[in-house]
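To keep things clear, I will list the structure first and then write my remarks on it.
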């Protein structure tokens, strides 16, 4: 049970991504950067039956994470995307307090823009990548993991549309994450389907308002060669946010993420604060 708590807490600090980076960088050497702080403190969870309930034993989970995304243009249609997380995860209950801090698993992708339709307003891209399991994943059930312990491969089809001169845009991602067997804990965590859809309003050139829906739903796990359908993880989240141009290419943003449904994951509201810039 405590191992499940630790895994669920790790997931709370793992947002899907940032649709701000939808359009390819468009030039060799162009760099886009974003760092975002995610905070969630909650005494509730979604259990294995997808029901919202209090943590057992008066538990309380705290997940704080800083995600740094860096995208580097290689050609006008191809870029490289890296995501580096730093996690601070804590779970307290009547039995004991547990806390772990450090770097989590790193993700990297290559994205190729296949085409731009509708006079350049509708870019269609393919993004392929992998997760490197560098975050600690101890077998001790009392220790909160900072990583999942196995490699992932994932692929996305991405599309975005600019309604210019109307100040609106829309983005959609569809993807699948293949999660490989973790031999250290004899677990095959099963693959996951991923979706993200965002709609934004840009009144002027210094403000953006956006609503984002993102979700993933996983297949059943196999533990010690026994299928465990109730171990599958799922989450659906609505994020409302805004961004303000501070100076030149530098933007500041904030938002709040409301969980709509879930399974085997903490259930509380999540706050987001960050900054981004086109560095070149």
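In the numbering used here, the protein residues as written are 505 to 784. Glycine included, every Cβ here is placed at the ideal spot set by N, Cα and C.
Check	Outcome
Alpha-carbon spacing of residue 708 relative to residue 585, whole angstroms	28 Å
Every unbroken beta strand (DSSP E) within the stretch 710-778, with a cutoff of 3 residues, ordered by chain	711-722, 725-727, 730-732, 738-751 and 754-767
Whole-angstrom distance between residue 619 and residue 625, CA atom to CA atom	10 Å
Nearest-angstrom Cβ-Cβ length linking residue 699 and residue 718, presumed shorter than 8 Å	7 Å
Where the beta strand (DSSP E) containing residue 650 begins and where it ends	Here residue 650 belongs to no beta strand (DSSP E), and DSSP marks it neither H nor E.
Complete runs of the beta strand (DSSP E) confined to the stretch 655-715 [at least 3 residues]	656-666, 672-683 and 696-705
Simplified DSSP state of residue 634, which is helix, strand or coil	strand
Nearest-angstrom Cβ-Cβ length linking residue 655 and residue 634, presumed shorter than 8 Å	6 Å
DSSP state of residue 562 mapped onto helix, strand, coil	helix
For residue 596: DSSP bridge partner residues	564 and 601
Cβ-based burial, residue 840 [other Cβ within 10 Å; buried from 16]	The structure shown does not extend to residue 840, since the chain is modelled only from 505 through 784, so no value can be given for it.
Three-state class that DSSP yields for residue 528 in the structure shown	coil
Selected residue, minimal CA-CA separation from residue 552, among 746, 770, 783 and 776	770
Reference residue 713; option with closest CA among 564, 724, 748 and 684	748
Proximity to residue 614 [Cα-Cα], best of 580, 554 and 630	630
Closest residue to residue 671 among 601, 710 and 567 (Cα-Cα distance)	710
Bounding residues of the beta strand (DSSP E) (the contiguous stretch that carries residue 539)	535-546
Counterpart residues of residue 581 in DSSP-defined beta bridges	In the DSSP output, where bridge partners are listed per residue, residue 581 has none listed.
Contact belief for residue 455 with residue 607 at Cβ below 8 Å, rounded distance in angstroms	Residue 455 lies beyond the residue range present for the chain, which begins at 505 and ends at 784; the question has no answer from this structure.
8 Å CB neighbourhood of residue 486 in its chain, flanking five on each side removed	Absent from the structure is residue 486, since the part of the chain shown begins at 505 and ends at 784.
Per-residue burial, residue 593 [other beta carbons within 10 Å of its own, 16 or more giving buried]	buried
Which of helix, strand or coil DSSP assigns to residue 606	strand
DSSP-derived helix/strand/coil call for residue 554	coil
Sub-8 Å separation of residue 530 and residue 580 beta-carbons	yes
Residues bridged to residue 591 [DSSP beta-bridge criterion]	569 and 606
Test item: CB-CB of residue 743 and residue 759 under 8 Å	yes
Spatial distance of residue 550 from residue 692 (CA atoms)	21 Å
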